[in-house]
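To keep things clear, I will list the structure first and then write my remarks on it.
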Amino acid sequence: MKGKKLASSLIAVLMLTGVLAACSSKNNESGNAPAASGTPGTAANTGGVDTSKEAKLVYYLWGSEGVANKAILAEINKKLKADLNASIEVKYIDWPDTATKYPLLFASGEKFDLSHASPGAPVSYFTLASEGALVDITDMLDKVAPKLKAEIPASVWENTKYKGRIYGVPSLYSEYTPTGYAYRSDLLKKYGMDKISSIDDMVKYMDNVVANESFPPINGKAEDAQNMYRMLVDTTDMWLNAPGISSTELNLVTKSPEDYKTVFHPAFTQEFEDWAVKMREWADKGYWSKDVLSATLGGKDNFRAANSAGYLTHAQDWIGQYGADMKAQPESDPYFFTFAEANKKIKRKMGVDNSTVISTNSANPERSLMVIEKFMTDESYYNLIQYGIEGKQYVMDNGVRKNPPGYNEKTDAGGFSAWSLRNDKFVVPSDTENPIRNSLYAEWDKVAIDDPYNGFSFDPSNVSTEIAAISNVNSQLGIQLMLGKTSKDPKAAVADYREQLKKAGVDKVIAEVEKQLAEFVPVN
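When you line the sequence shown up against mature numbering (1 follows the signal peptide of the UniProt record, and there is no 0), it's residues -21 to -1, 1 to 503, in that order.
Structure follows, in structure tokens:
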């Protein structure tokens, strides 16, 4: 790829993710039909770009292939052939493999064209940009995709820039993903409660569940340790996640948005020790199963099987899964306790959080950008990539998407995890989505804060050994502490954890993060 620097940086990421993987589980504005001659790919109808030669593009997406995806893709490719003399082949990186295969995609030198990217991905968007893995599309936009450039506000483009240049196309989808607890409102009312808006309320609800039901309040698995850690961070003062250690484990934080250049590990605070004691108390009270560390079924699955009174997730997942939850448990009408809300720490998601990028190994970067433009500015393309074929994957009923009559999930289900191509202008609500979405997001729009690290790309190469060692500590003792499952008394276990972090090199990592942050200015 672009020299040894890219490979070495990504190998450092792979070292880290390898440890983790081993330890955890409507206006239709198309107007782009071929010219009257009917000849696809002429420069005259593609903004001056020569498309006389067919371009076969490879597009990497996360997730697995739906049973109807090939049929949907065939419809997409019919349109692309006519409009751009192009076609796409979608290749999938399944969810359990993203931590290792996504970095490897860029480190291996594989020839492909398009991919999802994000600052929070196993290898950051900004790291990929800084290492020369992504095509600089800044100057290409005016010539190749002027409609796309105009569609996305200048402020959103600004958030995608690395050293003043644009390396990805950001989404135009409004969403919030704060962590929280989805819980049964039917049980809440049974216990004489109105809602859960604090940890004390949550404890009251969970105590009632333990006393009155045959299932626990949170019947999940080891991955819930990270959600418990999120609860600690989100409910403590103005603590915010900081870079340096992956946010999929017990990561570094800053004490407030204003102090973003100073970071620390919560393990060395009294709040962390108190939380570890609380987690032991919760485990002993039966808030989750005794075999949580070895359990294979997640909280959401147990919730739907009537084996849990709630599950830990993020807000957008709760909203999107509402219909499936209600179908499985019609009386449950799950509510959501957002951990960060009381302390006013709901963070805006920037468009760059879900971006589409073009690999520098692409033989057709211009055509790739034109394809992105089609998906994000032409409603007919948008509906296909986001919803499938009308009449087969969905039907419209009073402005709401529903499954068509006779729909069979085993034969008709399809869809692509193309979040980075979403555009609010074309979004159609689904009958499975919680109707509270728009009003809730409108409220959060008023109080949301910016992530102070937006635009920051941490280079882990100087501390890759230390980061891998810290991840190993987190995957063992860190998880046990957050689920109250340490063999020692929690205070003694915290002391061990602190000692192990020191030996692993946490101070060196903190120093490196602060060194790189010294000259950084947020791009919000």
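C-beta: ideal position from N, C-alpha, C; glycine also.
Measuring straight from C-alpha to C-alpha, what distance separates residue 106 and residue 350? The alpha-carbon atoms of residue 106 and residue 350 are separated by roughly 24 Å.
Distance check for residue 169 and residue 39, CA to CA, integer angstroms please. In this structure, the CA atom of residue 39 is about 47 Å from the CA atom of residue 169.
Counting C-beta neighbours from all protein chains within 10 Å, is the total for residue 249 16 or more, i.e. buried, or is it exposed? Classification for residue 249: exposed.
Just to confirm the assignment, what range does the alpha helix (DSSP H) spanning residue 477 have? Looking at the DSSP string, the run of the alpha helix (DSSP H) that includes residue 477 is 469 to 483.
Contact between the stretch 310 to 317 and the stretch 293 to 302: three or more CB pairs below 8 Å? By the Cβ rule, the stretch 310 to 317 counts as touching the stretch 293 to 302, because three or more pairs are nearer than 8 Å.
Tell me whether residue 288 is buried or exposed, calling it buried when 16 or more other Cβ atoms sit within 10 Å of its Cβ. By the neighbour-count rule (16 or more Cβ atoms within 10 Å), residue 288 is buried.
Of all the alpha helix (DSSP H) runs that stay within the bounds of the stretch 328 to 373, which reach a length of 4 or more residues? If one requires a minimum length of 4 residues, the alpha helix (DSSP H) runs lying completely within the stretch 328 to 373 are 344 to 356, 358 to 366, in chain order.
Measuring CB to CB, does residue 185 end up less than 9 Å from residue 266? Between residue 185 and residue 266, the C-beta gap is smaller than 9 Å, which places the two residues in contact.
Would you list the residues sitting across from residue 237 in a DSSP beta bridge? Beta-bridge annotation (DSSP): residue 237 is not paired with any residue.
Short Cβ contact (9 Å threshold) for residue 152 with residue 379: Judged by beta-carbon spacing, residue 379 lies beyond the 9 Å limit of residue 152, meaning their Cβ atoms are not closer than that value.
Assuming contact is defined by CB atoms lying nearer than 9 Å, are residue 50 and residue 59 in contact in what I supplied? For residue 50 and residue 59, no; Cβs fall outside 9 Å.
Give the single residue among 386, 383, 282, 100 whose Cα lies nearest to the Cα of residue 194. In this structure, 282 is the residue among 386, 383, 282, 100 with its C-alpha nearest to the C-alpha of residue 194.
So which of 472, 481, 29 has the shortest CA-CA distance to residue 256? Ranking 472, 481, 29 by Cα distance to residue 256 puts 472 first.
Separation of residue 492 from residue 478, as counted between CA atoms: Distance between the alpha carbons of residue 478 and residue 492: 20 Å.
For the pair the stretch 398 to 412 and the stretch 361 to 376, tell me if three or more CB-CB distances fall below 8 Å. Short answer: they touch.
Considering Cα atoms alone, identify which of 73, 381, 75, 461 is closest to residue 246. From the listed residues 73, 381, 75, 461, the smallest Cα separation to residue 246 is found for 461.
Residue 148 to residue 397, Cα distance in whole Å? Approximately 12 Å, taken between the alpha carbons.
If you draw a straight line from the C-alpha of residue 272 to the C-alpha of residue 197, how long is it? Whole-angstrom Cα-Cα distance: 13 Å.
Does residue 134 pass the burial test, meaning 16 or more other C-beta atoms within 10 Å, or should it be called exposed? It is exposed - the Cβ of residue 134 has fewer than 16 other Cβ atoms within 10 Å.
C-alpha distance - residue 69 paired with residue 111, whole-angstrom precision: Rounded to the nearest angstrom, the two C-alpha atoms are 23 Å apart.
Residue of 29, 94, 284 minimising C-alpha distance to residue 114: Minimum Cα distance to residue 114 is reached at 94.
DSSP three-state assignment for residue 34, whether helix, strand or coil: Residue state for residue 34 is assigned as strand, using DSSP reduced to three classes.
Does the stretch 326 to 340 come close enough to the stretch 72 to 91 that 3 or more CB-CB pairs lie under 8 Å? Short answer: they touch.
First through last residue of the beta strand (DSSP E) which encompasses residue 317: 314 to 317 is the extent of the beta strand (DSSP E) around residue 317.
Just the Cα atoms here: how many angstroms apart are residue 482 and residue 474? Their backbone Cα atoms lie some 13 Å apart in a straight line.
Are at least three pairs of beta-carbons, each pair with one atom in the stretch 450 to 460 and one in the stretch 225 to 238, less than 8 Å apart? These segments touch.
Nearest-angstrom beta carbon gap, residue 383 and residue 434 [assumed within contact, 8 Å]: That pair is no contact at about 43 Å.
Less than 7 Å between C-beta atoms, sequence neighbours within five positions excluded: which residues of the same chain meet that for residue 354? Spatial neighbours of residue 354 in its own chain (CB-CB distance under 7 Å, excluding positions within 5 residues in sequence) are listed in chain order as 360, 361, 364, 400.
In the DSSP assignment, what residue or residues form a beta bridge with residue 145? In the DSSP output, where bridge partners are listed per residue, residue 145 has 140.
Considering only residues of the same chain and omitting the five flanking positions on each side of residue 128, which have a CB-CB separation below 7 Å? A distance below 7 Å between beta-carbons, with the five flanking residues on each side excluded, links residue 128 to the following residues of its chain, in chain order: 120, 121.
Could you tell me which of 202, 79, 131 sits nearest to residue 356, measuring between CA atoms? Selection 202, 79, 131 evaluated against residue 356 yields 131 as nearest (Cα-Cα).
What three-state label does DSSP hand residue 51 in the structure shown? Reduced to three states, the DSSP call for residue 51 is helix.
Per-residue burial, residue 466 [other beta carbons within 10 Å of its own, 16 or more giving buried]: Exposed is the call here.
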